[in-house]
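In what follows, a structure is listed as structure tokens, so that the remarks can point back to it.
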Amino acid sequence: MTAAPRAALPVVPQDGLGCHAGAETLLAAARDAGKSPVLDRYAADYPKGPHDRPQSMCPAFGSLRVGLRMRRTATVLSGSACCVYGLTFTSHFYGARRTVGYVPFDSESLVTGKLFEDIRDAVHALADPALYDAIVVTNLCVPTASGVPLQILPREIDGVRIVGIDVPGFGVPTHAEAKDVLAGAMLAYARGEAEQGPVAAPRVARAERPTVTLLGEMFPADPVGIGMLLEPLGLAAGPVVPTREWRELYSALDCVGAAAIHPFYVASIRELHAAGRPVVGSAPVGHDGTAAWLEAIGAMAGVPSARVAEAQNRFLPAIRGALAAKPVRGRVTLSGYEGSELLVARLLVESGADVRYVGTACPRTPWSEPDREWLAARGIHVQYRASLEQDLAAMEEWAPDLAIGTTPVVQAAKERRIPALYFTNLISARPLMGPAGAGSLAQVVNAAMGNRARFDAMEAFFGGVGRGEAAGVWQDVPRDRPEFREHYQRHLAKLARQRKAEEMV
Ligand code: SF4
0 MTAAPRAALP
10 VVPQDGLGCH
20 AGAETLLAAA
30 RDAGKSPVLD
40 RYAADYPKGP
50 HDRPQSMCPA
60 FGSLRVGLRM
70 RRTATVLSGS
80 ACCVYGLTFT
90 SHFYGARRTV
100 GYVPFDSESL
110 VTGKLFEDIR
120 DAVHALADPA
130 LYDAIVVTNL
140 CVPTASGVPL
150 QILPREIDGV
160 RIVGIDVPGF
170 GVPTHAEAKD
180 VLAGAMLAYA
190 RGEAEQGPVA
200 APRVARAERP
210 TVTLLGEMFP
220 ADPVGIGMLL
230 EPLGLAAGPV
240 VPTREWRELY
250 SALDCVGAAA
260 IHPFYVASIR
270 ELHAAGRPVV
280 GSAPVGHDGT
290 AAWLEAIGAM
300 AGVPSARVAE
310 AQNRFLPAIR
320 GALAAKPVRG
330 RVTLSGYEGS
340 ELLVARLLVE
350 SGADVRYVGT
360 ACPRTPWSEP
370 DREWLAARGI
380 HVQYRASLEQ
390 DLAAMEEWAP
400 DLAIGTTPVV
410 QAAKERRIPA
420 LYFTNLISAR
430 PLMGPAGAGS
440 LAQVVNAAMG
450 NRARFDAMEA
460 FFGGVGRGEA
470 AGVWQDVPRD
480 RPEFREHYQR
490 HLAKLARQRK
500 AEEMV
């Protein structure tokens, strides 16, 4: 192995920056360090709004989880130790049961370029073709800002593919979009391989019918349900992207077209388009959604309209029946960061719920446009790139019987005695598509709405105990001490004045 000459990299302050502050500093440093092309691409793929820095988890968790779920794939992080601690903790909390590789650095190894050499050595040490098809190396905020050039890592070592990606919090707004960063990079790599010659066949025999690739992680029964919907059209469900192993990437590209079930897979869609595959948006949710989706898929795949009508006649009455059998009564506000928020809202509306607000952390793309139009036609406000503040304001404004949202929204709702459900764990972890999805939300939603009396009883019992700074376990009744707050405010103001004076010297 020949050592590449070390490139001196810009010094990036490591403490107190990142997702808490200093995004502009890191962004400017990353541009100075030659990362402009990738940052420009992210800016185009993942346009920012009010939600322009992580309000929830670190975005890199999305791509980390995609890599950790793939067979024969090793994962290496390059970033500050505190970020890597948080990311590995969260991935193990979610049951990764895999080792996450880490290449540590300090200021010296960062600015002298030694970090890149360390990463390259780590990749060489890991690249065992008996164990791995691919190694994913991820630059977090500080190495991205310092321009650590993962793109010049070897493309492959002994047949093990090396995929280097930058996933900085100041360039990728949500963990959902970070999944697309890795999925898109892998599809691009696999497309290049397929263009060079024959590639590995899938482990499971391919369907005889032409397949439709599905974009977006969903409840495991949903791809099966989608397969049943596609069958009368003479089609079959293809792999789900992000895939669970490398060779599925080739099958994902080898489709009649793709369905962007989750609408934020912009880089993946670019690869499918480059492979000449059309993509349709929305998903088969509820009666109207399934009817329109079957039509769109039929048009994409050149299925005769009589056959589409036959499929619609087969499934739509069952969906209508399931929705009617399990109605939802009550007002709902809904928000989340999974990308399926608009689909869930459609299902709730068709179940009879009075939905007033749908917030999604994801951006507006053409792939959710049919859902936005359908909801807007019913007077429902759709907020793309919704901030926590917007989600909370909607809850305040509409005083719903149920707030579905992210953890802080659920917490705020419960403090106000509003029944609430966590979107990620309790809503998006259910079948949503076709006949199986119709009515699947009613049980959990109705049970939650029925809990209001319990919140009232708890409020009556605990009312006024332990709010704000008086929360927690106390030996005595906590006393308000405004003088402490004033003292601290004065202290902070003094520090700020000192800092300013030092800057002017
Ligand atoms: S890598 Fe993630 S946790 Fe670390 S500073 Fe960036 S956004 Fe924050």
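Each residue of the sequence shown is one higher than the last, beginning at 0 in numbering that gives the first Met the number 0. Don't be surprised by glycine CBs; every beta carbon is placed ideally from N, CA and C. None of these values were measured; they are calculated from a predicted model.
Residue burial classification, residue i (beta-carbon count within 10 angstroms, cutoff 16)
i	result
GLU505	Any property of residue 505 remains undetermined from this structure, which presents the chain solely from 0 to 504.
TYR487	exposed
GLY438	buried
THR137	buried
PRO283	buried
ALA291	buried
PHE92	exposed
LYS499	exposed
GLN474	exposed
ALA495	exposed
GLN195	exposed
ARG484	exposed
SER350	buried
GLU176	buried
ARG243	exposed
ASP157	exposed
HIS490	exposed
ALA376	exposed
THR1	For THR1, the predicted model reports a pLDDT of 39, less than 50, meaning its position is unreliable and no value from the coordinates is stated.
PHE88	exposed
Rounded separation between residue i and residue j - CA only
i	j	result
LYS113	ASP400	57 Å
HIS123	PHE454	57 Å
ALA126	ALA419	47 Å
GLY100	PRO231	46 Å
LEU425	VAL443	8 Å
GLU270	PRO46	19 Å
ASP132	VAL223	27 Å
ALA220	THR406	25 Å
GLU294	VAL302	9 Å
MET227	LEU322	19 Å
LYS493	VAL476	32 Å
GLU155	ARG119	11 Å
VAL37	PRO58	16 Å
ALA412	GLY288	30 Å
THR210	ALA259	14 Å
VAL171	TYR41	7 Å
ALA446	LEU26	46 Å
LEU234	VAL278	15 Å
ARG371	GLN389	18 Å
GLY61	GLU468	34 Å
MET299	PRO238	18 Å
THR98	ARG190	28 Å
CYS361	HIS272	21 Å
LYS34	VAL102	20 Å
THR359	VAL265	16 Å
ASP44	ALA22	19 Å
ILE417	ALA452	10 Å
ALA305	TRP366	26 Å
ALA80	LEU139	10 Å
ARG429	GLU501	56 Å
ARG276	THR111	44 Å
Per DSSP, the bridge partner or partners of residue i
i	result
ALA402	THR332 and ALA419
ASP165	ASN138
VAL553	Nothing in the structure corresponds to residue 553, since the chain is present only between 0 and 504.
VAL279	ALA258
GLN311	Paired residue(s): none; GLN311 is not in a bridge.
TYR188	Paired residue(s): none; TYR188 is not in a bridge.
ARG64	Beta-bridge pairing links ARG64 to no other residue.
TYR487	Partner(s): none; TYR487 has no beta bridge.
Residue closest to residue i, alpha-carbon to alpha-carbon, out of the options
i	options	result
ASP105	SER62, ALA187, VAL141 and VAL472	VAL141
THR212	ALA200, PHE218, VAL203 and ILE225	ILE225
PHE461	GLY66, GLU414, GLU194 and ARG355	GLU414
TYR336	LEU149, ILE403 and ARG71	ILE403
THR74	ALA324, GLY320, GLY351 and ILE134	ILE134
ALA308	GLU395, LEU333, TRP366 and LEU229	LEU229
ALA274	CYS254, TRP373 and SER427	CYS254
GLY378	ALA392, TYR264 and VAL357	VAL357
VAL331	TYR421, ALA129 and ALA452	TYR421
ARG70	THR173, PRO326 and ARG96	ARG96
ASP479	GLY465, HIS490 and ARG489	GLY465
LEU440	VAL327, PRO316 and PHE263	VAL327
ALA519	PHE115, ARG429, PRO241 and GLY146	Because residue 519 is not part of the residues shown, which for the chain are 0 to 504, the question remains open.
ILE151	ARG68, SER79, ILE164 and SER108	ILE164
Check: residue i C-beta below 6 Å from any heavy atom of ligand 2
i	result
CYS361	Absent from the structure shown: ligand 2. Ligands present: ligand 1.
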